[in-house]
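Note sheet for the following structure.
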Amino acid sequence: MNLLLRNTLLAGCSLLLLGGCSAKIANYDAIEAEARRDAALADESAARTIQQAQSRVELGRSENLAYYAPRHLALAEKQLLKAQDMLAAGEKDNAVKTMAMTSQKTLDAGLAIKKDILRQLKPAFDHREVLKSIGADQYFPAAYAETEASLTAVMSLLEDLQTVKADAAQKQLLADMHQVEADTIEYIQLKAVKDHLQQIEDKGAPSVAPLSWQTAQKALLQAQALISKTPRARGAIAKATVAATRAAQHAEVITDLTNQILAADKSDAEALALKMERWLYKISVALKHDDIRHLPPDQQSAEYAQAIEELLRNR
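Going by the numbering used here, the first residue of the sequence shown is number 158, and it counts up by one from there.
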């Protein structure tokens, strides 16, 4: 085989390799053209160009391009290996330098993409840190994993320079992250309330104490709505949680008392009434009030309330 034919075939093989790679990353033609131009102008040996490409690839690995721009890193590594093989095979310096320089340029494009990803996807990365800080990955691992997969997909769009699609995808991702955040906060804040309400429901609260039960349900729904809308409103959420907790506790008290009344037979009825009377009488004793147990309970409570008000005024 004559020298001209051999060089022609080598050049053709290099073009096929680079052309095959061009489908893997965006703007490959520009990267290749710049590499060819710089290789032709570079006043250095092929071995030196390969060393520089090796340094760039190592930098790409340390910059975690395997996460931010995996196709660029993989292609740069492949190009570097090809350049090393070409040097070992004794191919022309210019062809070797072109391949090594293409590896460098591909890696540099990946680093630029990482920079753009960190800038354009800052809202998503910031939101991910919030999810981690509240333990969303532990409370809702499947949903959290879905947001991670979506984030990777958005980064892939940016690696392909599809910025319009990436912007739209990030908006949806942020909405999904908001839902995971709200679900996590609701679980942390309201799981105990929900469990308590389930216990009360098992006692028959919806039927024996419907008003108290409905009040408790309403308080829970209000807390859920607040968390769904503003999961980071800690103060307001804390107050709503306390309100829901107390409403559930009140529903249980009324349910228990109602069940006790409903379960009492004629022989127990008076004992139950006297027990309730004693509850009021303890207040009378504490206030050093006259014994007014001959009055109806509502009148007793009214007099005790008035006595407390007078006591507070005279402090």
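Ideal placement from N, C-alpha and C gives every residue a C-beta, glycine not left out.
Bounding residues of the alpha helix (DSSP H) (the contiguous stretch that carries residue i)
i, result
"S202", "Run containing S202: none; DSSP gives neither H nor E here."
"D242", "P227 to A245"
"T320", "T320 to D359"
"L278", "Premise fails: L278 is in no alpha helix (DSSP H) and is neither H nor E."
"H407", "R391 to A420"
"L452", "Note, L452: premise wrong, no alpha helix (DSSP H); not H, not E."
"P363", "A362 to V365"
"I183", "The sequence as given places Ala at residue 183; Ile does not occur at that position. Per DSSP, A183 belongs to no alpha helix (DSSP H) and is neither H nor E."
"K423", "K423 to L444"
"D317", "It is not in any alpha helix (DSSP H) - D317 carries neither H nor E in the DSSP assignment."
Buried versus exposed, by CB contacts within 10 Å (16 or more), residue i
i, result
"H353", "buried"
"M433", "exposed"
"P454", "exposed"
"V337", "buried"
"Q295", "exposed"
"A180", "For A180, the predicted model reports a pLDDT of 45, less than 50, meaning its position is unreliable and no value from the coordinates is stated."
"F282", "exposed"
"S369", "buried"
"G267", "buried"
"Y225", "buried"
"K423", "exposed"
"Q457", "buried"
"K289", "exposed"
"L237", "buried"
"V214", "buried"
"G292", "exposed"
"S260", "buried"
"L308", "buried"
"A187", "exposed"
"R285", "buried"
"E201", "exposed"
"L469", "exposed"
"K272", "exposed"
"A323", "buried"
Expected contact under 8 Å - CB spacing of residue i and residue j to nearest Å
i, j, result
"L232", "T263", "5 Å"
"V311", "A326", "5 Å"
"H446", "A464", "6 Å"
"L429", "A421", "5 Å"
"D340", "A183", "Not quite, the Cβ-Cβ distance comes to about 36 Å (not below 8 Å), so this is no contact."
"L315", "I274", "5 Å"
"A404", "A373", "4 Å"
"L230", "A240", "That pair is no contact at about 16 Å."
"L377", "A401", "5 Å"
"V365", "L419", "7 Å"
"I449", "E460", "6 Å"
"I342", "P388", "4 Å"
Q) Do the region 242-256 and the region 192-211 meet, that is, are 3 or more Cβ pairs less than 8 Å apart? A) yes
Q | Contact the region 371-384 vs the region 393-400: 3+ CB pairs below 8 Å | A | yes
Q: Take every Cβ of the region 357-367, pair it with every Cβ of the region 329-336, and state whether three or more of those distances are shorter than 8 Å.
A: no
Q.
Using 8 Å as the cut-off, can you tell me whether the region 364-378 makes contact with the region 408-421, which would need three or more C-beta pairs spanning the two stretches below that distance?
A. yes
Q) Does the region 242-252 touch the region 290-306, meaning 3 or more C-beta pairs lie closer than 8 Å? A) no
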